[in-house]
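So the protein lines, in turn, are chains A and B.
Count the first sequence with the working numbering and you get residues 1 to 316, in order.
Count the second sequence with the working numbering and you get residues 1001 to 1518, in order.
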Amino acid sequence: MKALLTKGHESCSGCSLCLLVCPVWHARRDIRHTPQGRAKALQMGVPVAALVESIDSCTLCAACEPACPESLPLVDMMLGLREQLARDVPARLPVIDWRSGASPRLAQAVCLIPDAALLQRPDLLAKAAQQLDGMQVVEDAGLDIAEAIEAGQAIPQERWYGFLQALKRARRVVVANGLLAHWLRGSLPAVRIDSLAMALGSLEAVRSRLQPGDFYVIESRHYHADRERLVHHYDGLRQRSGCSMNLDLQRLAVPTTASSMATQRGQSGIDVLEQARWILEGTTPARIVVEDAADLAVFTAVSDKPVIHLAELGDG
Amino acid sequence: MDISVVEPGVIPVCPVAPDALQGIRRQQTNPDRWHGASWAPFAEAARAAGLELIDERQLQAVFITDAGGLAFGMPHGVLIARSATQIATLMKLAQQFAVPVTVRGGGLTTEGESVAYGGVLLDMTGMSRVLKVAREQLTVRTQAGIFWHSLAEVLRRHQLDYLSAPLNLTSSVGGSLGVGGIDVNSPRLGCSADQAVSVEVVTPTGEIVECSDTVRPELFQRVILGYGQFGVITEVTLKVRPYTPLRMHYIYYDSLRTAIEDLQMLDRDDASDYSGILTMTDKVINLLVAFDSDEREAAFNATWRGRLRGHGELAFCVRMGLGFLLKPWQLREMLWLYERRCRLFPEFRRAEHTRGNLMHDRTVVFSRAVWKHWGSRQMVIPDLATSTEKFIEAVERGNAVCQRYFRHYTLYCVGIKVREDHRPHYELSCIPPDARGHAYGCEFEPIMEDHNYSRDTLQAFKNDIYDIGLALGGSYYRFGGMMKGYIRRIFGDEVVDRHLAMKRKADPAMVLNRHVIF
């Protein structure tokens, strides 16, 4: 990954714009745990191994990438650092339960790859698939692969190619995990890779049911990965429905980070409930609509208003 | 205070910038590094007092330079600010052990003012939370290390906005109050420092005190626009206002003089809510004018728009194109201007920040464009601040200097309303003493692109600009750090000696931001 990058840590000019949008910075107020902090340390020759805590704390929400005026590929740079750490300090890696056996072939040319949170809510998953014209839900959701990508761990070649092989025949793949979608776009250039949020959000049946009193929570990874295009999609959605969104003044999505590995392992320093309260501060929504199934429990815990998943909007 | 002589035997002893006296080569350098004689006992005492001094290379490296990227220094240790009490403990120990303390907010200085050359670097961004929004009183109480943009994020949730702040997302509130802070609404509202109602300060000797125009006014006068010499600002109460989007107008000129005359007319007549000049070299001069309300915009259109001698974009482009047809040897210049226009202008009209004629989030729009199209690892932005009467000559002479050094550059001119009741704040600041009604400032910023310039070249450029200030009698925004050689010459012995005496009294060990001014 690192070799492919045209710009890297050496290009950071230290403008601090990444701090403004970094949820880890927001929680910790410690520059060491920011893209700028890491880049400046690396520029000064600090070894990657000395940055373990900082590298582990990143939630990969990707808000820093569109915020960066140098257009640094900060997500790939972070994944590169994690890969390097995984090579240099393999003992610290989580043990991944790799799926064995070949991935089943697809019955349709379009398919849906759920994430871990959606798999824990079969009712939502069924609704999402139903909204998308009964789209086939793949049996192999690549949860182990998604975990490995986020951790920077090497994916066994056989497993990776087996997973890709099953998807190669697809015309369109809808992916719930924003990070996995980002990865698949690079690996399957001939296949149309859509995020689940965009796939559902593009449906008239879903869009038309957003209301002015709704607070809409965008899943940050897929949004920031394609922000130049999606900012107009969501702007249109907001204007049409009159709803509010978890967008800051730079029109970047403020995430709860509930689905990130760093937060789940307590490495980000983020209290997701505090983060959700911050997202809602100053708003009085009648209903909260989330794109990420992991956010359902978070907003339910901090709000007495109904919290629903985007897939449930189509229910009417 | 013991200031070492940079060129022994040549430079006489002087308490202010001995390397910058008349008649010597004014190549500025990093200040002397504090060698850490008392660091070990200080660090031991600090840790015993509960201060988390971080001496790991990872954090020191982050603060090795500032936005200018020309001055480099390493602190012995970094303290992330968490409370006024913690900072008070730090300052008491710093006095006791004579350890320098350098305070850093957004780190957007360009002359090394926020770089620590040994000692402690106090990272104020650790104290960056909003404490209270008082909607009825239209004030906000905030920790001083907060970035203006982060403050705006909180205020917007209450449909409020700050009054004036630098057009830079990552300027800190405390830092701006210490040096001024200029916005395109400064012609109406003054500088950011003028918006402070009261501040909590940790003095150089470690007392925590609140001050304002009425409570300890003498300390307030020194802390505001005081370049960090008389205390660490930890909390601030600021005036705020209801949020409004902007109605933007861009008017184009090919003459600096005409554009500045029109700018000054608008400011004098209070014809707009926001005004400023931004140029591409001296070929494309953009007077931007904006309004908070339809009424103000309508009044401008009815009364003042017709009196402006600039043109709309289309008319200006046609005129310019015809002009270049007559000067085909300038084709390369024209292509550069056209290419820059194509890259830059869409940034100011991004759809997500624009609704019809209204621009939302001006700081986001301008700051992102500034970082994207002007920002780089090295930045020099010498400036001149003068009275209204001297400003055109200052800009024209500065423009000539820019042409001598760089192929491409930008000028940014803006007025600053001078508050007569704040005169005591302005002493030894960017506001020139002879400014009445408005002061004017111009930044001269080379566009480095892929060119590499030596430190000598950049320093010579800055000196040439600052010499204009000396010749005309003005002031500067960035006179600290590597440019402090100009302080005594521009402000005079009487003022500097008086401030030096006050500094010695307030900071007996001379440890707080020791290399910035004195």
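For each residue, glycine too, the CB sits at the ideal point set by N, CA and C.
Check your understanding: Using 8 Å as the limit for Cβ to Cβ distance, is A/ALA63 near chain B?
Key -> no
Practice item. Please name the residues in the stretch 44–60 of chain A whose beta-carbon is closer than 7 Å to at least one beta-carbon of chain B, in chain order. Key: MET44, VAL46, ALA50 and LEU51
Review point. Starting from A/PHE215 and walking both ways along the alpha helix (DSSP H), at which residues does that stretch end?
Key: Looking at the DSSP string, A/PHE215 is not in any alpha helix (DSSP H); the run it does join, the beta strand (DSSP E), is 214–217.
Practice item. Return the CA-CA distance between B/ARG1341 and B/MET1280, expressed in angstroms with no decimal places. Key: 9 Å
Review point. Just to confirm, are B/LYS1390 and B/GLY1492 a CB contact at a threshold of 8 Å?
Key: no
Exercise for review: Check each candidate in B/PRO1446, B/ASN1399 and B/GLU1113 and name the one with the smallest Cα separation from B/HIS1408.
Suggested key: B/PRO1446
Practice item. Identify every residue that forms a DSSP beta bridge with B/ASN1286. Key: B/TYR1252 and B/LEU1278
Point to revise | The alpha helix (DSSP H) enclosing B/PHE1366, as first and last residue numbers | key: 1362–1373
Review point. Counting contacts by CB-CB distance shorter than 8 Å, is B/GLU1218 in contact with chain A?
Key: no
**Study point:** Proximity winner among B/PHE1291, B/SER1429 and B/GLY1398, relative to B/THR1410 (alpha-carbon distances)
**Key:** B/GLY1398
Exercise for review: Locate the alpha helix (DSSP H) running through A/ALA107, then write down its first and last residues.
Suggested key: That residue, A/ALA107, is in no alpha helix (DSSP H); it is neither H nor E in DSSP.
Practice item. Identify the continuous beta strand (DSSP E) that holds B/GLY1077 and give its terminal residues. Key: 1077–1080
Check your understanding: Roughly how many whole angstroms lie between the Cα atoms of B/VAL1223 and A/MET198?
Key -> 52 Å
Practice item. Return the residues of the stretch 228–244 of chain A that lie within a Cβ-Cβ distance of less than 8 Å from chain B, sorted by chain order. Key: VAL231, HIS232 and ASP235
Exercise for review: Taking C-beta pairs closer than 9 Å, name the residues in chain A that B/ILE1064 reaches, listed in chain order.
Suggested key: LYS40, GLN43 and MET44
Check your understanding: Mapping DSSP to helix, strand and coil, what is B/GLU1443?
Key -> strand
Exercise for review: Measuring only between beta-carbons, confirm whether A/GLN131 sits less than 8 Å from chain B.
Suggested key: no
Review point. Which class does B/MET1482 belong to by DSSP, given the choice of helix, strand or coil?
Key: helix
Check your understanding: If you check the beta carbons only, do B/ASN1060 and B/PRO1075 fall under 8 Å apart?
Key -> The sequence given here places Gln at residue 1060 of chain B; Asn does not occur at that position. Yes; because the gap between Cβ atoms is below 8 Å, this pair is in contact.
Check your understanding: Is the stretch 97–117 of chain A in contact with the stretch 167–175 of chain A, if contact means three or more CB pairs nearer than 8 Å?
Key -> yes
Exercise for review: Would you kindly work out how many angstroms separate the C-alpha atoms of A/CYS64 and A/PRO35, rounded to a whole number?
Suggested key: 8 Å
Review point. What residue from B/GLU1339, B/GLU1333 and B/VAL1364 has the CA that sits closest to B/PHE1348's CA?
Key: B/VAL1364
Exercise for review: Check the Cβ of B/LEU1059 against every Cβ in chain A and list those closer than 7 Å, keeping chain order.
Suggested key: ARG32
Point to revise | Three-state secondary structure assigned by DSSP to B/GLY1175 | key: helix
Check your understanding: Do you know how far the Cα of B/ALA1385 is from the Cα of B/LEU1163?
Key -> 22 Å
Check your understanding: Mind checking if A/GLN250 is an interface residue toward chain B, Cβ cutoff 8 Å exclusive?
Key -> yes
Check your understanding: What are the start and end residues of the beta strand (DSSP E) that includes B/SER1128?
Key -> From DSSP, B/SER1128 is part of no beta strand (DSSP E); its letter is neither H nor E.
Check your understanding: So which residues on chain A does B/TRP1148 lean against when the C-beta distance must stay under 9 Å?
Key -> Simply none; closest approach about 10 Å.
Practice item. Name, please, each residue of chain B whose Cβ falls closer than 8 Å to the Cβ of A/ARG92. Key: In chain order: nothing, as chain B lies at least about 18 Å away.
**Study point:** Counterpart residues of A/ILE288 in DSSP-defined beta bridges
**Key:** A/PHE215 and A/VAL307
Exercise for review: Report buried or exposed for B/GLY1312, applying the criterion of at least 16 other Cβ atoms within 10 angstroms of its Cβ.
Suggested key: exposed
Check your understanding: What three-state label does DSSP hand B/GLN1195 in the structure shown?
Key -> helix
Exercise for review: Report yes or no: do the stretch 1081–1088 of chain B and the stretch 1110–1120 of chain B share at least 3 C-beta pairs separated by less than 8 Å?
Suggested key: no
Review point. B/GLN1027 by DSSP, collapsed to three states: which one?
Key: Model confidence at B/GLN1027 stands at a pLDDT of 47, short of 50, so the residue's coordinates are unreliable; what they give is reported in the following sentence. It is coil, neither helix nor strand.
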